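Trainee: I have a structure I would like to understand better, so I am pasting it below and will then ask my questions one at a time.
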Amino acid sequence: MAAIWLALVLLLGFNLAWRVHQGLTFRTDLMALLPRDEADPVLQQINDNIAGSLSRRVAILVGDRDRDHARAAAAGMTRALEASSLFEPLALRSGSRQFAELGALYFPYREGILSEDDRQRLLDGKAETLKARALSQVFGIAGMADARLLRGDPFLLLPAFFTALPLPSSNLGLDDGMLSVTDAGMTWGLVSGRLLGDPYSLDIQSRLNTAFEAASRQARAGSPDVQILHGGAVFFAGAGATAALEEMSTLGIVSGIGTMALVLLVFRALTPLLLSLLAIGVGMGAGLSVSLLLFGDLHILAMLLGLSLIGIAVDYSLYYCVEMFSPGQRTPRERLTRVMPGITLGLVTTVVGYATFLLAPFPGLRQVAAFSVAGLIASFATVVFWLPLLDRRGPVRHGSGLLAATALLWRFWEASKLRPARVAVLIVLAGVAIAGACRITPLDDVRRMQSLAPDLVAEQARMQHIAGFAIGTQFFVVRAADDETALRNEETLLDRLRSARRAGALRGYRAPASFIPSAKRQRENRALRQGRLETPLLAGYLARIGLQAAERDVAPDDVLTLAMAAKVEPLAEMSRELTVPNANGVVHVVMLDGVSQPDLVRAAAIGIDGVNFVDPAADFSRLLGRYRRRAVALIAVSAVLMVPLLALRYGVSGAIRVMLPAVLATALVPLAKALWGEPFTFFDTIALVLVLSIAVDYAVFCAEADAAYKPVALLGVWMAMASTALSFGLLIRSQAAAVHAVGGTMLLGVITAFLLAPMAGTHRVTKDD
Amino acid sequence: MNRRWFLVALTSAPATLAQAQLRSLAAGEVLRGRFKQERLLKGFDRPLISTGDFVLDHGLGLIWRTEQPFAIMTVITSAGLVQSIDGEETTRLAAARLPFLARLYDLLGAALSGDWRALDKLFQVTRQGDPGHWEIVLEPHAGADPVAMPLRSVTLRGGQFLDEAKIVRLDGDSDQLAFSGQSLGTSLSAAESERLRGAGK
Numbered sequence: 003m004a005a006i007w008l009a010l011v012l013l014l015g016f017n018l019a020w021r022v023h024q025g026l027t028f029r030t031d032l033m034a035l036l037p038r039d040e041a042d043p044v045l046q047q048i049n050d051n052i053a054g055s056l057s058r059r060v061a062i063l064v065g066d067r068d069r070d071h072a073r074a075a076a077a078g079m080t081r082a083l084e085a086s087s088l089f090e091p092l093a094l095r096s097g098s099r100q101f102a103e104l105g106a107l108y109f110p111y112r113e114g115i116l117s118e119d120d121r122q123r124l125l126d127g128k129a130e131t132l133k134a135r136a137l138s139q140v141f142g143i144a145g146m147a148d149a150r151l152l153r154g155d156p157f158l159l160l161p162a163f164f165t166a167l168p169l170p171s172s173n174l175g176l177d178d179g180m181l182s183v184t185d186a187g188m189t190w191g192l193v194s195g196r197l198l199g200d201p202y203s204l205d206i207q208s209r210l211n212t213a214f215e216a217a218s219r220q221a222r223a224g225s226p227d228v229q230i231l232h233g234g235a236v237f238f239a240g241a242g243a244t245a246a247l248e249e250m251s252t253l254g255i256v257s258g259i260g261t262m263a264l265v266l267l268v269f270r271a272l273t274p275l276l277l278s279l280l281a282i283g284v285g286m287g288a289g290l291s292v293s294l295l296l297f298g299d300l301h302i303l304a305m306l307l308g309l310s311l312i313g314i315a316v317d318y319s320l321y322y323c324v325e326m327f328s329p330g331q332r333t334p335r336e337r338l339t340r341v342m343p344g345i346t347l348g349l350v351t352t353v354v355g356y357a358t359f360l361l362a363p364f365p366g367l368r369q370v371a372a373f374s375v376a377g378l379i380a381s382f383a384t385v386v387f388w389l390p391l392l393d394r395r396g397p398v399r400h401g402s403g404l405l406a407a408t409a410l411l412w413r414f415w416e417a418s419k420l421r422p423a424r425v426a427v428l429i430v431l432a433g434v435a436i437a438g439a440c441r442i443t444p445l446d447d448v449r450r451m452q453s454l455a456p457d458l459v460a461e462q463a464r465m466q467h468i469a470g471f472a473i474g475t476q477f478f479v480v481r482a483a484d485d486e487t488a489l490r491n492e493e494t495l496l497d498r499l500r501s502a503r504r505a506g507a508l509r510g511y512r513a514p515a516s517f518i519p520s521a522k523r524q525r526e527n528r529a530l531r532q533g534r535l536e537t538p539l540l541a542g543y544l545a546r547i548g549l550q551a552a553e554r555d556v557a558p559d560d561v562l563t564l565a566m567a568a569k570v571e572p573l574a575e576m577s578r579e580l581t582v583p584n585a586n587g588v589v590h591v592v593m594l595d596g597v598s599q600p601d602l603v604r605a606a607a608i609g610i611d612g613v614n615f616v617d618p619a620a621d622f623s624r625l626l627g628r629y630r631r632r633a634v635a636l637i638a639v640s641a642v643l644m645v646p647l648l649a650l651r652y653g654v655s656g657a658i659r660v661m662l663p664a665v666l667a668t669a670l671v672p673l674a675k676a677l678w679g680e681p682f683t684f685f686d687t688i689a690l691v692l693v694l695s696i697a698v699d700y701a702v703f704c705a706e707a708d709a710a711y712k713p714v715a716l717l718g719v720w721m722a723m724a725s726t727a728l729s730f731g732l733l734i735r736s737q738a739a740a741v742h743a744v745g746g747t748m749l750l751g752v753i754t755a756f757l758l759a760p761m762a763g764t765h766r767v768t769k770d771d
Numbered sequence: 396m397n398r399r400w401f402l403v404a405l406t407s408a409p410a411t412l413a414q415a416q417l418r419s420l421a422a423g424e425v426l427r428g429r430f431k432q433e434r435l436l437k438g439f440d441r442p443l444i445s446t447g448d449f450v451l452d453h454g455l456g457l458i459w460r461t462e463q464p465f466a467i468m469t470v471i472t473s474a475g476l477v478q479s480i481d482g483e484e485t486t487r488l489a490a491a492r493l494p495f496l497a498r499l500y501d502l503l504g505a506a507l508s509g510d511w512r513a514l515d516k517l518f519q520v521t522r523q524g525d526p527g528h529w530e531i532v533l534e535p536h537a538g539a540d541p542v543a544m545p546l547r548s549v550t551l552r553g554g555q556f557l558d559e560a561k562i563v564r565l566d567g568d569s570d571q572l573a574f575s576g577q578s579l580g581t582s583l584s585a586a587e588s589e590r591l592r593g594a595g596k
């Protein structure tokens, strides 16, 4: 058996070495860990598509008091990023050509084009306002109209339409070929474009960051006062991944050293340490190797949680090694025989716990489960097949102090005169549970769980303040059979969003229909303009400015279409951003800026066919909530599943006795955490699955122990608890709220499980070994 | 839009440029005067003539009040331009979206302090005459972006104050401005301050 296991380990080792040689890839987006909404797969796919293109957006503001410095630095930044071949700048050609092209595109169709506000004025019967505005522009200071424009567009409605166009934001303007804004004496140039690559790939993140930092240094060398603000998912993901990687290495080192120190301190010998390291190493390697075989790549958080497995994988070897303190057993075989039932049951219950992860459709949790199950089985096999062969140690004699300490805990749970104390403790625990139950607050809002780098968040806020835009995450998806239907539905939506904006529910919106009205609306606009503006007011107006009516240049009765617009450079960018290629019909996107009342915005789509509001963070939060509740049910299911397994060995009442401390610990932890003010999240429920498995494990060990052996068994449990607390407890320091939650729950969970575990051994009823 | 701003600033700036011939407009000083604007557009029966008065406060901005042929109030500040007719706002443009305006504000400041080098960046500057009767001709440098600089030339004439300005556009259309009754004051009326501050919101 030992040889077969060696062959298997070698195979897994080769696989791992080969994969490492090829270069490991880690996924870093939190969303990839989470379950998908399967209700509307087409919509889900479109959302993924749009979310993907949003996440590839990069926006950098480069500012300086000196306009020339700001422009030079912004242009240098664009060149440097473009040279990294990771970044494709937004196509922006010389301003004059942009304007000329826009003008040439719209001018022939001007009769059907009206800005939102002007259309509303005509609908409200305020045509006089438009006439007055035109007069003030013709006569007033800084008039821009010339005869050609006035002949074609006497009321200057097309310039008003251009002024109202939702350029990337309300603040940015085109200055000499560069999108710029001035704010508090600073000139800011926008460097904006698309990332060419996966924003969640570590490699892309680090390459882009290197290029960005080099370009920033260069800009500062050119002008020391230059300020640079950067935003985009790739930077956030990069910062998060860097933090996670740092945590991972710190955690690995600290928990590794801590576990080693623990083993050395307790055993005062090298053999147990080497044996434990072997079990951990094989476990980790096998876990990683199997996960890579199954998934191809690993999520960095799965890796982080998987690494914490050090604390559990070491348990089997610790239980084995603790047998060295037992005076009765002399040979390695005897030691193994003694712990075999305990570690087998422990493995089975832990694997059942992890296997429940597979029942929930969480891609990330499947990775954690696969990693853990493979790692635990490998550690177990290593202990069972190899440790007795490698173990040359005689019994350890210095354990009396430690054993006396663990005997104290036994006495607390067993001595009949301490019964009142036990009752008191249980009453206190019940009090904690009740108080916690009153305070427990579920938290599912994914936005509050993502740990975004605070300096980046501050930069983002400043960017939003200066440029008036953020890289938004909320949008509407408009699905229709053809462009015309989509545009009409958007117009219905935009009319409602217009009032929502006035009510302060959002700051802005951008849809294909903002640029190109539907053919229906163009015809309406034409009729509106003729009926309400030109028929009553045109002759008088022309006479007043001295332009002969006969000289008017009237546009042909044609309609501008989206397809025509997409061919013209200034609008091609809009078309790329706001339309999604789709095989069955057309898909348009309505981008939203500064949504402050999502419910009002969501309501704007009610009753419009094929229009859906997408708020990825809110959708994920809802899913988290749903699965948090499901996970609680899963814990109950796995607790019930464990009973028949335990009953095989301890009988039904014995099985319930073993389950009691485990269930108590599992239930107490979230309630006790609530007293601290910690919220109850989906990630806590995940940790609770583990707490249950581990607590059963501890209880089984106590249940296995006969009277003389009890202190030794509990010493093994204590060591298992200490090593788990060392590895998982460190997760509490994590920046990532999800990992922090897992850490806190595990830490409290294993300590509680340890303290309660002797309850399982109090009245042992099974046969002797 | 840029053209609009450009003209705005030039019609206000020269009034103070002229000041620079004698002394700079001190902080808090207010320049008042009347104007007559004759706009010559090809293809129109007659020139478009407007008259009215203006108030310039360097720190706050410019109020350009057209009286004939009808009342138009244009208020220009560092925050942008607001135009209204009979108290009803018809146009509001944010300066944040028009960085060219900020550039012209820099220019205005530079001109007030008599620093003509700032103008050299944008124009070929030719000066003639003496402080009593001077003429300045501004022409864009060769190769300037026609959108950022949609002008053929600007000619300014004056003595103690700016008296005349002629702005010729690329297509030959032109604006002739004549100023009269200029005087230096020390304060704005409450209504004027209110208007300038209101435009900044």
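First to last, the protein sequences are chains B and E.
Numbered according to my numbering, the first sequence spans residues 3 to 771.
Numbered according to my numbering, the second sequence spans residues 396 to 596.
Here a beta-carbon is modelled for each residue, glycine too, at the ideal position from N, C-alpha and C.
Model, not experiment: these values are computed from the prediction.
Classify Gly533 of chain B: buried if its beta carbon has 16 or more other beta carbons within 10 angstroms, exposed otherwise.
Mentor: Burial call: exposed.
Trainee: Report all residues from its chain with a CB closer than 6 Å to the CB of Val434 of chain B; omit the five preceding and five following residues, and keep chain order.
Mentor: Closer than 6 Å at Cβ, skipping near neighbours: Ala674.
Trainee: Can you check whether the CB of Leu231 of chain B is closer than 7 Å to the CB of Met465 of chain B?
Mentor: Result yes, Cβ atoms of Met465 of chain B and Leu231 of chain B sit closer than 7 Å.
Trainee: Name the chain B residues that come within less than 8 Å of Phe574 of chain E, Cβ to Cβ?
Mentor: Result: empty, since nearest Cβ-Cβ is about 13 Å, beyond 8 Å.
Trainee: According to DSSP, is Met593 of chain B part of a helix, a strand, or is it coil?
Mentor: Strand, per DSSP.
Trainee: From this set, B:Met576, B:Leu349 and B:Gly548, which residue's C-alpha is nearest Ser516 of chain B's C-alpha?
Mentor: Taking only the C-alpha atoms, the option nearest Ser516 of chain B is B:Met576.
Trainee: If you pair each beta-carbon of the segment 320-338 of chain B with each one of the segment 282-293 of chain B, do three or more pairs fall below 8 Å?
Mentor: As far as the Cβ criterion goes, the segment 320-338 of chain B does not touch the segment 282-293 of chain B, which means the pair count is below three.
Trainee: Taking the beta carbon of Glu483 of chain E as the centre, do at least 16 other beta carbons fall within 10 Å, making it buried, or is it exposed?
Mentor: Its Cβ having fewer than 16 others within 10 Å, Glu483 of chain E is exposed.
Trainee: According to DSSP, which residues form a beta bridge with Asn614 of chain B?
Mentor: For Asn614 of chain B, which the question treats as bridged, DSSP gives the partners B:Val479.
Trainee: Between Phe439 of chain E and chain B, is the shortest Cβ-Cβ distance under 7 Å, so that the two count as touching?
Mentor: Output row for Phe439 of chain E: interface = yes.
Trainee: Using the beta-carbon of each residue, which ones in chain B are nearer than 9 Å to Glu483 of chain E?
Mentor: Result: Thr131 and Ala134.
Trainee: Taking Cβ positions, are Val693 of chain B and Gly751 of chain B nearer each other than 7 Å?
Mentor: In this structure, Gly751 of chain B lies closer than 7 Å to Val693 of chain B by Cβ.
Trainee: Taking 6 Å as the limit between beta carbons, can you name the residues of its chain near Ile531 of chain E, skipping five residues before and five after?
Mentor: Arg522 and Leu551.
Trainee: Look at Val477 of chain E and Asp452 of chain E and say whether their C-beta atoms are less than 7 Å apart.
Mentor: Cβ atoms of Val477 of chain E and Asp452 of chain E: not closer than 7 Å.
Trainee: So, helix, strand or coil for Leu18 of chain B, using DSSP?
Mentor: Looking at Leu18 of chain B - three-state DSSP - the assignment turns out to be helix.
Trainee: Anything in the segment 535-550 of chain B with a Cβ closer than 9 Å to a Cβ of chain E? List those residues in chain order, please.
Mentor: Those would be Arg546, Ile547, Gly548, Leu549 and Gln550, in chain order.
Trainee: Note down, in chain order, each residue of its chain lying with its Cβ closer than 6 Å to the Cβ of Pro805 of chain B, except the 5 sequence neighbours on either side.
Mentor: An answer regarding residue 805 of chain B cannot be provided, because it is not within the stretch 3 to 771 covered by chain B.
Trainee: Give the straight-line distance between the Cα atoms of Ala710 of chain B and Arg340 of chain B, rounded to the nearest whole angstrom.
Mentor: For Ala710 of chain B and Arg340 of chain B, the distance between alpha carbons rounds to 13 Å.
Trainee: Compare the C-alpha of Phe373 of chain B against each of B:Val448, B:Leu14, B:Ala755 and B:Val398 and name the closest.
Mentor: The candidate whose alpha carbon is nearest that of Phe373 of chain B is B:Leu14.
Trainee: Taking all protein chains shown into account, decide if Gly292 of chain B is buried (16 or more other Cβ within 10 angstroms of its Cβ) or exposed.
Mentor: The identity of residue 292 of chain B in the sequence shown is Val, whereas the question assumes Gly. Its Cβ being crowded by 16 or more others within 10 Å, Val292 of chain B is buried.
Trainee: Taking the straight line between their C-alpha atoms, what separation do you get for Gln247 of chain B and Leu303 of chain B?
Mentor: The amino acid occupying residue 247 of chain B in the given sequence is Leu; Gln does not appear at that position. Their Cα atoms are separated by approximately 9 Å.
Trainee: Using three-state DSSP, classify Arg150 of chain B as helix, strand or coil.
Mentor: Three-state result, Arg150 of chain B: helix.
Trainee: Indicate whether the contact test is met: 3 or more Cβ pairs, each with one atom in the segment 607-623 of chain B and one in the segment 659-676 of chain B, closer than 8 Å.
Mentor: The segment 607-623 of chain B is not in contact with the segment 659-676 of chain B.
Trainee: Which whole-angstrom value is the C-beta distance of Leu404 of chain B and Val316 of chain B, which I expect to be below 8 Å?
Mentor: That belief does not hold up - the Cβ atoms of Leu404 of chain B and Val316 of chain B are roughly 17 Å apart, past 8 Å.
Trainee: Express the C-alpha separation of Pro156 of chain B and Val64 of chain B in angstroms, rounding to a whole number.
Mentor: Val64 of chain B and Pro156 of chain B: Cα-Cα distance of roughly 40 Å.
Trainee: Pull up the distance between the alpha-carbon of Arg651 of chain B and that of Ala406 of chain B, whole angstroms please.
Mentor: Spanning the two alpha carbons is a distance of roughly 29 Å.
Trainee: How long is the line joining the alpha carbons of Pro334 of chain B and Trp20 of chain B, rounded to whole angstroms?
Mentor: Their backbone Cα atoms lie some 35 Å apart in a straight line.
Trainee: Contact check, Phe359 of chain B vs Val645 of chain B under 8 Å by CB: the rounded distance?
Mentor: Contact flag wrong, Cβ pair sits at about 20 Å.
Trainee: At which residues does the alpha helix (DSSP H) containing Tyr511 of chain B begin and terminate?
Mentor: Per DSSP, Tyr511 of chain B belongs to no alpha helix (DSSP H); it is in the beta strand (DSSP E), Gly510 to Arg512.
Trainee: Out of B:Val714, B:Ile688 and B:Leu45, point me to the one whose CA is closest to Val370 of chain B's CA.
Mentor: Nearest of B:Val714, B:Ile688 and B:Leu45 to Val370 of chain B, Cα basis: B:Ile688.
Trainee: For Arg67 of chain B, which residues in the same chain have their Cβ closer than 8 Å to its Cβ, ignoring the five residues on either side in sequence?
Mentor: Cβ within range, chain order: Gly187, Met188, Thr189 and Asp227.
Trainee: Taking CB distances under 7 Å as the criterion, tell me whether Ser138 of chain B reaches chain D.
Mentor: Given the protein chain composition of this structure (B and E), no chain D is represented.
Trainee: Below 7 Å between beta carbons: does that hold for Gly447 of chain E and Gly576 of chain E?
Mentor: Taking 7 Å as the Cβ cut-off, Gly447 of chain E and Gly576 of chain E do not qualify as a contacting pair.
Trainee: Could you give the first and the last residue of the continuous alpha helix (DSSP H) run that contains Gly542 of chain B?
Mentor: Counting along the chain, the alpha helix (DSSP H) containing Gly542 of chain B begins and ends at Thr537 to Ile547.
Trainee: Once DSSP output is grouped into helix, strand and coil, what is the label at Leu503 of chain E?
Mentor: Here Leu503 of chain E scores only 49 on pLDDT, less than 50, and its place in the model should not be relied on; the value that follows carries that caveat. Helix, per DSSP.
Trainee: Between Leu338 of chain B and Gly396 of chain B, what straight-line distance do the alpha-carbon atoms span, to the nearest angstrom?
Mentor: About 14 Å.
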